[in-house]
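Colleague:
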Amino acid sequence: MVGRGPAAVPHIHQHDAVVVGAGGAGLYAALELKKDLGAESRVAVISKLYPTRSHTGAAQGGVCAALGNTEEDHWQWHWFDTVKGGDYLVDQDAAEIMCRDAAPTIIDLEHLGMPFNRTPEGLIDQRRFGGHTRNQGEAPVRRACYAADRTGHAILQTLYQQCIRREVTFADEFQVLDLVMPDGADGRVSGVIALELATSELHVFLAPVVLFATGGFGKIFQVTSNAHTLTGDGVAIAFRRGLALEDMEMFQFHPTGMYKLGFLLSEAMRGEGGFLVNGQGERFMERYAPTMKDLASRDVVSRSIYQEIAAGRGIGGGDFVHLDVRHLGADVLERKLPDMTGFIRTYFGLDPLHDLVPIQPTAHYAMGGIPTDVDARVLGDGIARRVPGFYAAGECACVSVHGANRLGTNSLLDILVFGRRAGKAMAGDAADLPAPARDLEAEARIAGTLADLLTSDRGERAAVVRDELQVEMFRRCGVYRTGPDLAACRSEVAGLRERARTVRLDDHGSRYNTDLADAIELGFLLDCAEAAVTSAEARTESRGAHARQDFPDRDDVNWMRHSLARRSASGKVDLTYKPVVVTEFQPKPRVY
Amino acid sequence: MDIELRIRRYNPEADQAPHWETYAVTADATDRVLDLLHQVKWHTDGTLTFRRSCAHGVCGSDAVLINGQNRLACQVLVRDVAPTVSVEPVAGLPVIKDLLVDMEGFWAKYRAAMPYLVNDDVPADGLERRQSAADRDLYEDTSRCILCAACTTACPVFWTNPDYVGPAAIVNAHRFIFDSRDTAHEERLELMADADGVWRCRTVFNCVEACPRGINITRAILEVTRQITNVEAT
Ligand SMILES: Cc1cc2nc3c(=O)[nH]c(=O)nc-3n(C[C@H](O)[C@H](O)[C@H](O)COP(=O)(O)OP(=O)(O)OC[C@H]3O[C@@H](n4cnc5c(N)ncnc54)[C@H](O)[C@@H]3O)c2cc1C
Ligand code: SF4
Ligand code: FES
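For the record, the sequence lines run as chains A and B. Letter 476 of the first sequence, counting from 1, is numbered 490 in this note's numbering, and no numbers are missing. Letter 201 of the second sequence, counting from 1, is numbered 637 in this note's numbering, and no numbers are missing.
1. Quick check on B:Asn506: does DSSP put it in helix, strand or coil?
2. Is the beta carbon of B:Arg445 sitting closer than 8 Å to the one on B:Leu470?
3. CB of A:Asn131 to nearest heavy atom of ligand 1: below 7 Å?
4. Buried or exposed, going by whether 16 or more other CB atoms sit within 10 Å of the CB of A:Phe357?
5. For a quick check, are the C-beta atoms of A:Leu121 and A:Val77 less than 8 Å apart?
6. Just to check, is the beta-carbon of B:Ala585 closer than 7 Å to a non-hydrogen atom of ligand 2?
7. Since A:Ser61 sits in a beta bridge, which residues does DSSP pair it with?
8. Restricting to Cα atoms, I'd like to know which of A:Glu86, A:Pro24, A:Thr96, A:Ala80 is closest to A:Phe599.
9. Express the C-alpha separation of A:Asp139 and B:Cys587 in angstroms, rounding to a whole number.
10. Quick check on DSSP: helix, strand or coil for A:Arg156?
11. Please list, in chain order, all residues of the same chain as A:Glu110 whose beta carbon is under 8 Å from its beta carbon, the five residues on each side excluded.
12. Measuring straight from C-alpha to C-alpha, what distance separates B:Pro448 and A:Asp466?
13. Got a sec, what are the start and stop residues for the beta strand (DSSP E) A:Gly285 sits in?
14. Quick one: grab the DSSP three-state call for A:Met15.
15. Is there contact between the region 259 to 270 of chain A and the region 56 to 75 of chain A, where contact requires at least three CB pairs shorter than 8 Å?
16. At least one CB of chain B closer than 8 Å to the CB of A:Gln374: is that the case?
17. Measuring CB atoms only, is the region 209 to 222 of chain A touching the region 412 to 426 of chain A, in the sense that at least three cross pairs come out at less than 8 Å?
18. Please report the distance separating the alpha-carbon of A:Gly523 from that of B:Ala491.
19. From the beta carbon of A:Leu337, is the nearest beta carbon of chain B less than 8 Å away?
20. If you reduce the DSSP assignment to three classes, tell me which class B:Val644 lands in.
21. Comparing the CB of A:Gly473 with every heavy atom of ligand 3, is any distance shorter than 7 Å?
22. Nearest-angstrom Cα distance between A:Gly17 and A:Thr213?
23. Can the beta-carbon of A:Phe143 be found closer than 8 Å to that of A:Arg157?
24. I want to check one thing, is the minimum distance from the CB of B:Cys647 to the heavy atoms of ligand 2 below 7 Å?
25. Counting only C-beta atoms, is B:Asp481 closer than 8 Å to chain A at any point?
26. Under the three-state reduction of DSSP, which class applies to B:Tyr552: helix, strand or coil?
27. When you measure from the CB of B:Leu513 to every non-hydrogen atom of ligand 3, does any distance come out below 7 Å?
28. Where DSSP assigns a beta bridge to B:Glu564, which residues make up the other side?
29. According to DSSP, is A:Cys113 helix, strand or coil?
30. Using alpha carbons as the reference points, say which of A:Tyr160, A:Ala39, A:Leu290, A:Ala550 lies closest to A:Arg349.
31. Looking at the secondary structure, which residues open and close the beta strand (DSSP E) in which B:Thr520 lies?
32. Using CA atoms only, rank isn't needed, just tell me which of A:Asp338, A:Leu275, A:Arg504 is closest to A:Arg284.
33. Can you give me the start and stop residues for the alpha helix (DSSP H) that A:Leu468 sits inside?
34. Check A:Met354 in the structure and name its three-state DSSP category.
35. Can you give me the Cβ contacts of B:Leu553 inside the same chain, cut-off strictly under 7 Å, excluding the 5 residues immediately before and after it?
36. Does the Cβ of A:His576 have 16 or more other Cβ atoms within 10 Å, making it buried, or fewer, making it exposed?
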């Protein structure tokens with residue numbers, strides 16, 4: 015059981031396809047690959063967590079599709095809402111595919127066993143969610159399909175269960191550290207290099223097609239709804255390889271995080287009729303969004319909360335407001351929102367039937383990530399150059415269907431639609447790609463880095479540097495931003511990167527070395543943070559989640575374009591841009 | 437508040453045998469036990485090893501024994517267990533390092549219970565399969581399992597007979613046995629009727645007490661048992 019350590023020769027595995035990440039995106043891709051390549055095919059899912067621990071399982075409120083099961087709805091309405099919700103930074107061709115594919119995808123998921131809540135007729139039940147409207151903004155519409163308030167848990171389990179049935183190969187608790195790129199920086203991808211957490215041994219998984227479905231990077235922020243393990247590994251690995259990252263400044267702050275804890279209280283609480291109140295007991299969202307009120311899009315609601323707090327109207331003048339769900343009654347709270355009710359009881363010791371719930375905006379979702387085409391093929395320069403054999407889907411990717419602000423329930427849809435499309439594209443492309451080859455240079459580099467880290471007993475602990483990074487990013491690169499703050503934040507992050515070069519490990523062993531994992535993940539976080547703050551500083555407008563106090567207006571003349579951040583050979587972050595794809599909806603002022 | 441945190445440590449690479457270590461930590465009353473473990477790991481001793489991810493009771497990573505009871509470390513508030521908090525790995529699974537146990541046997545039993553919907557027919561209209569709200573309610577409770585293993589590792593039958601499938605596997609079989617859409621009903625019941633299946637349950641209720649999701653596990657086991665008897669009777 016005792017490992018040979020990273021310096022030894024790595025173990026080599028050959029597969030027909032490799033999927034990194036066992037959240038919704040990765041698992042749906044794996045199922046599709048198995049279907050298309052046949053039962054005998056060798057499809058491997060590599061995950062640093064046991065699959066059912068993936069953060070898809072934390073998703074609560076729902077996954078949307080214009081099924082029209084409870085009232086009239088059309089995928090075109092959903093398409094418009096997605097584009098408007100994203101403040102017109104959405105690529106409309108990609109969003110069209112997502113909204114068209116939504117219904118068949120949800121139906122397929124039901125066929126796979128998804129335990130959706132049902133209407134009296136036995137159809138999939140649907141509820142309201144922020145930013146989803148009938149006929150371009152007339153009124154809220156019931157579009158979110160759900161399984162109580164644990165929709166993500168149900169999706170994750172359903173997909174994992176079917177992967178077991180279809181005999182997908184799992185490499186659980188293996189952490190991918192790099193890509194295999196045998197032809198150098200501009201060449202193809204033909205596998206990944208991974209650390210076996212149980213032994214600290216290195217493994218090389220070779221395959222003609224590789225998918226990154228590694229999830230988000232909310233842990234760059236202090237207050238977040240994201241799991242400890244959401245450290246942007248895949249995004250950072252691509253960035254280190256000189257590949258572009260798109261719209262990294264676009265990070266969503268969800269309005270209803272539990273005060274100080276950051277855990278999410280689903281938007282479904284407002285979808286079912288809950289509302290926000292300030293220190294004066296006023297339902298303030300009526301002032302900011304007269305039609306949609308508490309169900310305006312998330313960026314709008316989060317900023318409104320900040321403005322209330324800035325005006326001294328937080329609770330007791332403090333830095334939080336209240337969510338009021340008392341009037342929903344025991345039946346709705348216990349039956350439709352049981353987990354939320356449980357969180358409030360467990361962590362606050364409050365009873366939502368009788369008490370107001372303290373909330374604050376929490377860092378929630380990365381709209382940006384690894385740029386891909388609509389079939390999840392990675393675009394190395396972010397524009398046109400494909401990286402043969404390399405795919406990305408889910409929160410780590412940017413297609414871009416969420417633009418500058420994601421609508422609630424659109425991420426679970428995104429991971430399903432594009433996870434599945436990724437699997438299809440990979441299965442189709444695999445035969446045309448050259449046989450995989452090893453990347454000895456990368457193997458040696460990774461082995462060297464690990465050996466250095468494992469023997470390091472000087473410097474600070476990774477946790478100290480990480481804490482500072484999270485505080486800094488939340489304070490200066492959060493809901494509201496300014497040029498001077500972002501410049502200061504950028505140089506602070508650069509300083510933290512320097513400090514992170516020598517971090518001290520207490521654990522020098524090879525068995526489940528989570529001290530080592532912390533140090534590795536700190537490096538990934540720093541890369542994501544640097545790309546985010548650099549992109550944010552350059553975007554001199556306010557759009558969606560990116561709110562610049564020094565540039566309060568949206569600037570469609572200069573900024574209807576996606577940011578592309580790349581690490582140049584000199585180590586500097588270079589920014590380039592590409593236009594947004596507009597096919598149907600011209601930018602309009604965004605009013606809710 | 438000041439806490440005396442006792443952790444059962446064991447690193448087979450370095451230690452002869454498991455032993456208790458004590459740490460003095462300061463915490464807020466509303467901090468979770470997971471925060472205490474993090475404090476030690478991040479600021480005192482980086483070798484401390486445990487699993488965790490979501491930190492709010494939904495991923496099932498961090499089942500441990502806290503003051504002698506199976507709990508998720510992220511769900512237990514310090515004020516409810518202070519001032520002396522002892523944390524040790526769950527029982528019945530091999531310890532790999534400190535609080536981290538070997539889960540492979542647990543997963544193998546889960547996979548063997550056919551925990552997946554079997555039904556390759558789809559409705560002719562191409563839409564969703566219909567299921568009444570009442571039919572869905574039959575498996576609502578067991579569909580909430582997060583596979584944390586707190587139940588199985590609290591079960592005295594499992595401790596003495598490691599071949600017993602254990603409550604978690606039965607819960608997940610129940611999830612599909614009672615799903616009106618499933619067609620592998622009998623196969624799954626046969627698996628559960630095995631010598632190391634449901635009959636081993638002695639209704640000790642430790643599992644129900646341990647389950648962080650509040651699943652009524654004993655009832656689920658009973659319902660599976662009844663189904664088996666019904667099938668055998670017909
Ligand atoms: C609390 C919460 C509630 C939410 N609710 C909703 C909702 O109601 N509706 C909605 O649409 N969206 C919701 N979201 C967003 C949505 O859940 C996520 O965006 C989505 O689940 C991401 O899925 P994914 O498959 O991309 O990644 P994840 O599910 O995060 O999975 C990432 C996977 O990658 C693996 N991994 C990461 N790094 C490595 C590495 N280096 N090596 C190997 N494996 C690695 C992990 O082990 C994991 O398996 C919510 C998010 C949160 C945090
Ligand atoms: S039934 Fe409860 S205790 Fe057992 S594995 Fe599932 S969630 Fe954990
Ligand atoms: S860390 Fe996820 S359940 Fe405790």
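In this text, a Cβ means the ideal position worked out from N, Cα and C, and glycines have one as well. Nothing here was measured: the structure is a model prediction, and the numbers come from that model.
Modeller: Taking the geometry as given:
1. Strand.
2. It is not a contact, given that the beta carbons lie outside the stated cut-off.
3. No, ligand 1 has no heavy atom inside 7 Å of this Cβ.
4. A:Phe357 comes out buried.
5. As written in the sequence, residue 121 of chain A is Ile, which differs from the Leu given in the question. Result no, Cβ atoms of A:Ile121 and A:Val77 do not sit closer than 8 Å.
6. For ligand 2, at least one heavy atom lies less than 7 Å from the Cβ of B:Ala585.
7. For A:Ser61, the beta-bridge partners assigned by DSSP are A:Asp186.
8. It is A:Thr96.
9. Looking at the backbone, the Cα of B:Cys587 and that of A:Asp139 are separated by about 32 Å.
10. Three-state DSSP puts A:Arg156 in a strand.
11. For A:Glu110, where only same-chain residues beyond five positions count, the Cβ hits under 8 Å are Trp93, Thr597, Glu598.
12. For B:Pro448 and A:Asp466, the distance between alpha carbons rounds to 23 Å.
13. Per DSSP, A:Gly285 belongs to no beta strand (DSSP E); it is in the alpha helix (DSSP H), 282 to 285.
14. Legend: pLDDT at A:Met15 = 36, less than 50; position of this residue unreliable, no value from coordinates given.
15. As far as the Cβ criterion goes, the region 259 to 270 of chain A does not touch the region 56 to 75 of chain A, which means the pair count is below three.
16. For A:Gln374, the answer is no, since every Cβ of chain B falls outside 8 Å of its Cβ.
17. Cβ pair count under 8 Å is below three, so no.
18. Taking the straight line from one Cα to the other gives about 26 Å.
19. No, no contact with chain B.
20. If DSSP states are grouped into helix, strand and coil, B:Val644 belongs with the helices.
21. No, the Cβ of A:Gly473 stays beyond 7 Å of every heavy atom of ligand 3.
22. Low local confidence applies: a pLDDT of 44 at A:Gly17 is under 50, so the model's placement there is unreliable, with the coordinate-based value given in what follows. Here the alpha carbon of A:Gly17 sits roughly 5 Å from the alpha carbon of A:Thr213.
23. Their beta carbons are under 8 Å apart, which means A:Phe143 touches A:Arg157 by this criterion.
24. Checking the 7 Å criterion, the Cβ of B:Cys647 is within range of a heavy atom belonging to ligand 2.
25. Using a Cβ-Cβ cut-off of 8 Å, B:Asp481 counts as an interface residue toward chain A, since at least one Cβ of chain A sits closer than that to its own.
26. Three-state result, B:Tyr552: coil.
27. Remark: the shortest separation between the CB of B:Leu513 and any heavy atom of ligand 3 does not fall under 7 Å.
28. Beta-bridge pairing links B:Glu564 to no other residue.
29. If DSSP states are grouped into helix, strand and coil, A:Cys113 belongs with the helices.
30. The candidate whose alpha carbon is nearest that of A:Arg349 is A:Tyr160.
31. Its beta strand (DSSP E) spans residues 520 to 524.
32. When only C-alpha atoms are compared, the closest one is A:Asp338.
33. For A:Leu468, the enclosing alpha helix (DSSP H) starts and ends at 454 to 469.
34. In the structure shown, A:Met354 falls within a helical segment according to DSSP collapsed to helix, strand and coil.
35. For B:Leu553, the CB contacts under 7 Å within the same chain, skipping 5 residues up- and downstream, are Phe612, Asp615, Arg617, Asp618 in chain order.
36. The residue is buried, with at least 16 neighbouring Cβ atoms inside 10 Å.
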